[in-house]
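S.K.: Residue numbers (my numbering): -16 to 176. What follows is a single structure, and I will ask about it in a moment.
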């Protein structure tokens, strides 16, 4: 089964191109937003996802549109790359410590979008990046990938560390949920939409 997606999102605010390969591990990411690129690189690396992503947006205004639209397209990419969802484990969870911070991510890749998030950031910015945009990214991803996503902060700390633990735990939980373990569809309904 080929688990890939290639697509784009073009609006008056952003132009984003993506190529996703769930069974590769090479990545090249450029959104024009340094901190966000760093988080997406951590995500691709720790999830072992092949990801080429190039974004151009109205970052002269702020980073909101680029971050949210990246979440939208990346969520769509994962939804489409998994096809009929046959054989995937469907569920994944992982806790990641980053020094003093501890974040857990729990995922159901079952076609029922839901998002729960309780990260808090001591600093509202990392460099010029507004930390509230982390929530916008994950919300957009969950909605467009049609997943149930819970991101739980067990221990707070440095805002960079909390964010890094979130993206790493998200990557590892998603990797687990998308692991092909058999040829069965993990739904008694017989379909995952």
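In this text, a Cβ means the ideal position worked out from N, Cα and C, and glycines have one as well.
#1: So, helix, strand or coil for residue -3, using DSSP?
#2: Residues in the same chain with beta-carbon distance under 6 Å from residue 95, minus the five sequence neighbours each way, listed in chain order, please.
#3: From the DSSP output, which residues share a beta bridge with residue 97?
#4: Measuring CB to CB, does residue 13 end up less than 7 Å from residue -11?
#5: Look at residue 40 and residue 48 and say whether their C-beta atoms are less than 7 Å apart.
#6: Between the C-alpha atoms of residue 155 and residue 44, what's the straight-line distance to the nearest angstrom?
#7: Please report the Cβ distance between residue 121 and residue 92, rounded to the nearest whole angstrom; I am assuming they are in contact, meaning their Cβ atoms lie under 8 Å.
#8: So is residue 53 buried or exposed if we call it buried at 16+ other beta carbons inside 10 Å?
#9: Near residue 168, what residues of its chain come up, given a Cβ to Cβ distance below 8 Å and the 5 sequence neighbours on each side ignored?
#10: State the beta-bridge partners of residue 77 as determined by DSSP.
#11: Only counting the same chain, and skipping five residues up and downstream in sequence, which positions put a Cβ closer than 7 Å to that of residue 124?
#12: Within this structure, are the beta carbons of residue 128 and residue 26 separated by less than 7 Å?
#13: Within 10 angstroms of the Cβ of residue 137, are there 16 or more other Cβ atoms? Answer buried if so, exposed if not.
#14: Quick check on DSSP: helix, strand or coil for residue 35?
#15: What's the C-alpha gap between residue 80 and residue 72?
#16: Going by DSSP, name the residue or residues bridged to residue 3.
#17: Is the distance from the Cβ of residue 142 to the Cβ of residue 117 below 7 Å?
#18: Report the partner residues of residue 10 according to the DSSP bridge assignment.
#19: Is the Cβ-Cβ distance between residue 33 and residue 4 less than 7 Å?
#20: Using a threshold of 7 Å, state whether the C-beta atoms of residue 119 and residue 51 are closer than that.
M.R.: Answer, in terms of the structure:
#1: In the structure shown, residue -3 sits in a strand (DSSP, three-state: E or B).
#2: Non-local beta-carbon contacts of residue 95 in its own chain, meaning distances under 6 Å to residues more than five positions away in sequence, involve 131 in chain order.
#3: Here residue 97 is bridged, per DSSP, to 131.
#4: Inclusion of residue 13 and residue -11 in the CB contact set at 7 Å is not warranted, their separation being larger than that value.
#5: Contact check for residue 40 against residue 48 passes: the beta carbons are separated by less than 7 Å.
#6: Rounded to the nearest whole angstrom, the C-alpha separation of residue 155 and residue 44 is 33 Å.
#7: About 15 Å separates the beta carbons of residue 121 and residue 92, which is beyond the 8 Å limit, so they are not a contact pair.
#8: Burial check for residue 53: the Cβ neighbour count within 10 Å reaches 16 or more, so the residue is buried.
#9: Closer than 8 Å at Cβ, skipping near neighbours: 67, 68, 69, 70, 174 and 175.
#10: Note: residue 77 sits in a beta bridge opposite 88.
#11: Here residue 124 has 54, 57 and 58 as same chain residues with Cβ atoms under 7 Å from its own Cβ, once five neighbours each way along the sequence are excluded.
#12: Not closer than 7 Å, so no.
#13: Counting other Cβ atoms within 10 Å of its Cβ, residue 137 stays below 16 and is therefore classed as exposed.
#14: Looking at residue 35 - three-state DSSP - the assignment turns out to be strand.
#15: Going from the Cα of residue 80 to the Cα of residue 72 covers about 24 Å.
#16: Beta-bridge annotation (DSSP): residue 3 is paired with -12 and 34.
#17: With respect to the 7 Å criterion, residue 142 and residue 117 are not classified as neighbours on the basis of their beta carbons.
#18: Per DSSP, 34.
#19: In contact: residue 33 and residue 4 (Cβ atoms closer than 7 Å).
#20: The Cβ atoms of residue 119 and residue 51 sit closer than 7 Å to each other.
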